[in-house]
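Shown next, in structure tokens, is the structure this report addresses.
Numbering (the working numbering), first residue to last: 1 to 266.
See the structure below:
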């Protein structure tokens, strides 16, 4: 009850709830594509590469969020290009991009003029500090992501479930693969605000994995979004009641939901 009373009075908690729901919607939809397509490692490379964009933005005196979006999209294109041509070295290339992007971001942030930002807020999230401008960015990214999925849903679903069949149907499989990575990049930027770079893969994949028993991909997306939303709101309550880190609390609840779903499936 104290959390609900504080939610009615405190603006920062209202912003945190709104950010949680926006992130949960996107991660429920795109997370399903990541899990079914088995590209969680690629998503991790994109997430950690986004730190380079934040570092460049700080170095130039720009807001960090546009820098993260640009870097994540660029990383998605690079990984798509490299893994398309060098499939036998895919894991090595992703690991290299992952580590180089994060290292470059750390160096640029350390070299930025003025007061250095709090790195912990980017590594582990700081949802309680989300402001109105960040919420607008998140809402815009949500609309863009969901609009793209809705517009290309048949082609995306066909490619995700059976790539060879999609090729036989004449679908541009590689272009759809690039589109999936771009969607992952946008979702990663959304989740950085909530759980940070380190925990972003957990929130992106665990709700979708918990919803694997759904009867269709669309139902799986809705279930994953509901699980992510419940975990985010529950994590906020735990953070408020027990003084726990909000991002870590959300991930623990998501992992618990995945464990329960796995036991039920068994």
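Note that beta-carbon positions come from the ideal geometry of N, C-alpha and C, so glycine has one too.
Just so you know, these numbers come straight off a predicted model, no measurement behind them.
Exercise for the section: Assign residue 196 to one of three DSSP states: helix, strand, or coil. Expected result: As a first step, residue 196 is located in the chain shown; it is residue number 196 there, counting from the start. The answer is helix: DSSP assigns residue 196 an H, G or I state.
Exercise for the section: Assuming residue 231 and residue 257 form a contact by the criterion Cβ under 8 Å, report the distance between their Cβ atoms to the nearest whole angstrom. Expected result: Within the chain shown, the letter at position 231 stands for residue 231. Within the chain shown, the letter at position 257 stands for residue 257. Indeed, because the Cβ distance is near 6 Å, the residues count as touching under 8 Å.
Practice task
Just confirm the distance between the C-beta atoms of residue 43 and residue 34, as a whole number of angstroms; I'd bet it's less than 8 Å.
Solution key: Taking the first residue of the chain shown as position 1, residue 43 is located at position 43. Taking the first residue of the chain shown as position 1, residue 34 is located at position 34. Between residue 34 and residue 43 the Cβ distance is about 5 Å, and since that is below 8 Å, they are a contact.
Problem - Expected contact under 8 Å - CB spacing of residue 67 and residue 106 to nearest Å - result: Within the chain shown, residue 67 is the residue found at index 67, counting from 1. Within the chain shown, residue 106 is the residue found at index 106, counting from 1. Going by Cβ atoms, the distance from residue 67 to residue 106 rounds to 14 Å, so no, they are not a contact pair.
Practice task
Just the C-alpha distance for residue 69 and residue 146, rounded to the nearest angstrom, thanks.
Solution key: Working through the chain shown from its first residue, we reach residue 69 at position 69. Working through the chain shown from its first residue, we reach residue 146 at position 146. Going by the C-alpha atoms only, they are around 16 Å apart.
Practice task
May I have the straight-line CA-CA distance separating residue 11 from residue 3, to the nearest angstrom?
Solution key: Here residue 11 corresponds to residue number 11 of the chain shown, with the count starting at 1. Here residue 3 corresponds to residue number 3 of the chain shown, with the count starting at 1. Cα to Cα, the separation comes out at about 13 Å.
Problem - Under the three-state DSSP convention, the category residue 152 falls into - result: Residue numbering aside, residue 152 sits at position 152 when the chain shown is read from its first letter. Note: residue 152 maps to coil in three-state DSSP.
Exercise for the section: Output the distance between the C-alpha atoms of residue 58 and residue 151, rounded to the nearest integer angstrom. Expected result: Against the chain shown, residue 58 aligns to sequence position 58. Against the chain shown, residue 151 aligns to sequence position 151. Cα to Cα, residue 58 sits roughly 35 Å from residue 151.
Problem - Close beta carbons around residue 214, own chain, < 7 Å, minus the five adjacent residues each side - result: Working through the chain shown from its first residue, we reach residue 214 at position 214. Closer than 7 Å at Cβ, skipping near neighbours: 220 and 223.
Practice task
Given a cut-off of 9 Å, decide if residue 189 and residue 204 are closer than it, judged by their beta-carbon atoms.
Solution key: Along the chain shown, one-based indexing puts residue 204 at 204. Along the chain shown, one-based indexing puts residue 189 at 189. No.
Practice task
Return helix, strand or coil for residue 172, following the three-state DSSP convention.
Solution key: In the chain shown, residue 172 corresponds to position 172, counting from 1. Here residue 172 sits in coil by DSSP.
Handout entry: Distance CB(residue 261)-CB(residue 135) smaller than 9 Å
Key = Position 261 of the chain shown, counted from the first residue, corresponds to residue 261. Position 135 of the chain shown, counted from the first residue, corresponds to residue 135. Contact: no.
Practice task
Report whether the distance from the Cβ of residue 243 to the nearest heavy atom of the ligand GTP is below 8 Å.
Solution key: The ligand GTP is not part of the structure shown, which contains no ligands of any sort.
Exercise for the section: My understanding is that residue 153 touches residue 51, with C-beta atoms under 8 Å, so please give their C-beta distance in whole angstroms. Expected result: As a first step, residue 153 is located in the chain shown; it is residue number 153 there, counting from the start. As a first step, residue 51 is located in the chain shown; it is residue number 51 there, counting from the start. Wrong, their Cβ atoms sit about 31 Å apart, outside the cutoff.
Problem - Local Cβ density within 10 Å of residue 254, reported as buried at 16 or more and exposed below that - result: Start at 1 with the first residue of the chain shown, and residue 254 comes out as number 254. Residue 254 should be labelled buried.
Handout entry: residue 2, DSSP secondary structure in three states
Key = As a working note, residue 2 is residue 2 in the chain shown. Three-state result, residue 2: helix.
Handout entry: Integer Cβ distance of residue 97 from residue 75, believed to fall under 8 Å
Key = Along the chain shown, one-based indexing puts residue 97 at 97. Along the chain shown, one-based indexing puts residue 75 at 75. At roughly 6 Å, the Cβ-Cβ gap stays under 8 Å, so residue 97 and residue 75 are in contact.
Problem - Burial state of residue 20, where buried means 16 or more other Cβ atoms lie within 10 Å - result: As a working mapping, residue 20 is identified with position 20 in the chain shown. With 16 or more other Cβ atoms within 10 Å, it is buried.
Exercise for the section: To the nearest angstrom, report how far apart residue 139 and residue 111 are at their CA atoms. Expected result: The residue you call residue 139 lines up with position 139 of the chain shown. The residue you call residue 111 lines up with position 111 of the chain shown. Those two C-alpha atoms are separated by around 31 Å.
Practice task
Look up residue 243 in the DSSP assignment and say whether it is helix, strand or coil.
Solution key: Along the chain shown, read from residue 1 onward, the residue named residue 243 stands at position 243. Coil, per DSSP.
Practice task
State the Cα-Cα distance for the pair residue 195 and residue 247, rounded to the nearest angstrom.
Solution key: Numbered from its first residue, the chain shown carries residue 195 at position 195. Numbered from its first residue, the chain shown carries residue 247 at position 247. So the two alpha carbons sit approximately 4 Å from each other.
Practice task
Quick one: grab the DSSP three-state call for residue 272.
Solution key: Residue 272 cannot be examined here, being either before or after the span of the chain that is shown, 1 to 266.
Handout entry: Rounded separation between residue 25 and residue 7 - CA only
Key = By one-based count along the chain shown, residue 25 stands at place 25. By one-based count along the chain shown, residue 7 stands at place 7. If you take the alpha carbons of residue 25 and residue 7, they lie about 21 Å apart.
Exercise for the section: In the DSSP assignment, find the alpha helix (DSSP H) that holds residue 109 and state where it starts and stops. Expected result: As a first step, residue 109 is located in the chain shown; it is residue number 109 there, counting from the start. That run of the alpha helix (DSSP H) goes 90-111.
Exercise for the section: Check each candidate in 13, 127 and 14 and name the one with the smallest Cα separation from residue 245. Expected result: The residue you call residue 245 lines up with position 245 of the chain shown. Among 13, 127 and 14, the Cα nearest to that of residue 245 is on 127.
Practice task
Assign residue 193 to buried or exposed, taking buried as 16 or more other Cβ atoms, counted over all protein chains shown, within 10 Å of its Cβ.
Solution key: Counting from 1 along the chain shown, the entry for residue 193 is found at position 193. Its Cβ being crowded by 16 or more others within 10 Å, residue 193 is buried.
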